[in-house]
Amino acid sequence: MSDLSRPSGPRIIAVANQKGGVGKTTTTINLASALVETGLRVLVVDLDPQGNASTGLGIEASDRVFTTYDLLIGETALQDVIRATEIEDLGIVPATVDLSSADIELIANERRSFLLHDALRQTEMDEYDWDYVLIDCPPSLNLLTVNAMIASHSVLIPLQSEFFALEGVSQLMMTIREVRQTANADLRIEGIVLTMYDKRNNLSQQVEQDARDNLGDLVFETKIPRNVRVSEAPSYALPVIQYDPNSQGAIAYRALANELVNKHQRLAA
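The UniProt record's numbering puts the first residue of the sequence shown at 1, with every later residue one more than the last.
Structure, rendered in structure tokens:
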């Protein structure tokens with residue numbers, strides 16, 4: 001257990017990038033696991049209809065009776081929606097394909113963009129004493145992602161170390177700016193985390209340099225390497241932190257968790 005102090009109240013972070021395949025879900029479940037390893041309590045909200053975060057944390061599709069969809073429409077008690085995982089102090093609200101129709105089904109609801117915000121601020125949430133809530137967003141800028149941004153204090157952006165990576169980030173930044181202007185004035189960018197990084201690859205180094213030149217301190221010092229253990233872990237329904245604790249991927253996610261918490265402690269000081 002680390003001596004990192006617990007933040008006051010749950011800090012809600014949306015993990016978002018409208019581009020698929022950037023390591024968004026991988027970052028969500030492994031950062032959550034690494035934060036738990038430091039002695040914190042973490043809830044993952046799977047907001048992606050593909051439900052990969054749920055699978056990666058060991059919740060079988062057939063076992064997802066109540067899901068994020070139920071959390072959004074508010075017809076199910078919170079304690080029935082939040083599931084324990086095999087990792088102590090790590091909970092999850094699982095997702096199923098039901099979420100894919102949310103944009104259409106919720107269009108008539110006047111508070112359709114605030115449903116997740118309201119759900120995560122129920123008084124029952126206090127009973128769980130979460131330190132962090134990490135929301136795994138779908139790979140699109142739809143109503144679900146907007147819900148996540150309005151519900152969150154900040155947005156963490158995984159950025160794959162590949163050509164054209166920064167172009168997608170500029171569109172995401174515009175969406176964040178719009179949400180800030182219209183619905184969540186306090187929303188900020190938590191940071192950019194470089195994923196699938198290969199230090200032997202000139203392209204990875206160029207993407208890093210471009211990101212740091214354009215985004216400065218928003219880019220985390222920690223880089224997540226391209227690592228076979230990270231890729232293998234989901235097939236065993238485990239974060240890489242548990243699957244292979246000594247792998248380069250696990251070490252990197254621990255470093256990211258420490259960098260994140262230390263940053264929050266500095267801001268709170």
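Glycine included, C-beta positions come from ideal geometry on N, C-alpha and C. Fair warning: this is a prediction, and the values are worked out from it, not measured in the lab.
Nearest to residue i (by Cα), restricted to the options the options
i, options, result
"Thr-195", "Gln-122, Phe-220 and Val-179", "Phe-220"
"Glu-86", "Glu-110, Val-36 and Ile-12", "Val-36"
"Ala-252", "Asp-198, Met-174 and Gln-206", "Asp-198"
"Leu-90", "Ile-107, Asn-17 and Tyr-128", "Tyr-128"
"Val-230", "Ile-29, Asn-258 and Arg-121", "Ile-29"
"Gly-249", "Ala-237, Lys-223, Arg-266 and Leu-260", "Lys-223"
"Glu-259", "Ser-247, Pro-10, Asp-217 and Leu-238", "Asp-217"
"Ser-204", "Phe-164, Ile-176, Tyr-243 and Thr-26", "Phe-164"
"Pro-239", "Gly-58, Val-42 and Leu-40", "Gly-58"
"Asn-109", "Leu-144, Val-261, Ile-73 and Val-81", "Ile-73"
"Ala-185", "Ser-154, Met-125 and Leu-78", "Ser-154"
"Asp-63", "Arg-177, Arg-83, Met-174 and Arg-121", "Arg-83"
"Val-44", "Glu-75, Thr-38 and Arg-11", "Arg-11"
"Thr-123", "Gln-79, Ala-269, Asp-48 and Thr-27", "Gln-79"
"Met-174", "Ala-61, Val-146 and Ile-135", "Val-146"
"Ser-247", "Ala-233, Ala-237 and Asn-201", "Ala-233"
"Ala-211", "Ile-176, Ser-101 and Leu-166", "Leu-166"
"Ile-107", "Asn-214, Leu-144 and Ser-152", "Leu-144"
Boundaries (first-last residue) of the alpha helix (DSSP H) holding residue i
i, result
"Gly-249", "248-268"
"Ala-14", "First-last for Ala-14: 11-15, but that is the beta strand (DSSP E), not the alpha helix (DSSP H)."
"Lys-24", "24-37"
"Glu-105", "102-105"
"Gly-56", "52-56"
"Asn-202", "202-215"
"Ser-231", "228-232"
Rounded Cβ spacing between residue i and residue j (contact assumed at less than 8 angstroms)
i, j, result
"Leu-119", "Cys-137", "The identity of residue 119 in the sequence shown is Ala, whereas the question assumes Leu. Actually they are not in contact, since the Cβ atoms of Ala-119 and Cys-137 sit about 15 angstroms apart, beyond 8 angstroms."
"Ile-92", "Asp-46", "6 angstroms"
"Gln-18", "Gly-168", "6 angstroms"
"Ala-16", "Ser-54", "18 angstroms between Cβ atoms; not a contact."
"Asp-98", "Asn-142", "Between Asn-142 and Asp-98 the Cβ distance is about 15 angstroms, and since that is not below 8 angstroms, they are no contact."
"Arg-41", "Asp-131", "5 angstroms"
"Arg-180", "Leu-187", "5 angstroms"
"Thr-27", "Ala-257", "Rounded, the Cβ-Cβ distance is 11 angstroms, inconsistent with contact."
Residue i Cβ short of 7 angstroms to the ligand GDP heavy atom set
i, result
"Leu-260", "Ligands displayed in this structure: none; no statement on the ligand GDP is therefore possible."
N-terminal and C-terminal residue of the beta strand (DSSP E) that residue i is part of
i, result
"Met-196", "188-197"
"Leu-238", "Element bounds for Leu-238: n/a, residue is neither H nor E."
"Val-45", "42-46"
"Ile-224", "219-225"
Residue-level contact to chain C via CB, residue i, 8 angstroms cutoff
i, result
"Ala-257", "Protein chains in the displayed structure number just one, and chain C is not present."
Length at least 4, wholly inside the region 109-175: the alpha helix (DSSP H) runs in chain order: If we require 4 residues or more, the alpha helix (DSSP H) runs fully inside the region 109-175 come out as 115-119 and 143-151.
Length at least 3, wholly inside the region 64-89: the beta strand (DSSP E) runs in chain order: Runs found: none.
The region 23-34 / the region 252-263 touching (three or more Cβ pairs under 8 angstroms): Two segments are said to touch when three or more pairs of C-beta atoms, one from each, lie closer than 8 angstroms; by this definition the region 23-34 touches the region 252-263.
Inter-stretch contact (C-beta, 8 angstroms, three-pair minimum) for the region 108-118 and the region 153-162: Touching, no.
Inter-stretch contact at 8 angstroms, needing at least 3 Cβ pairs: the region 19-27 / the region 69-89: With contact defined as three or more Cβ pairs closer than 8 angstroms, the region 19-27 and the region 69-89 are not in contact.
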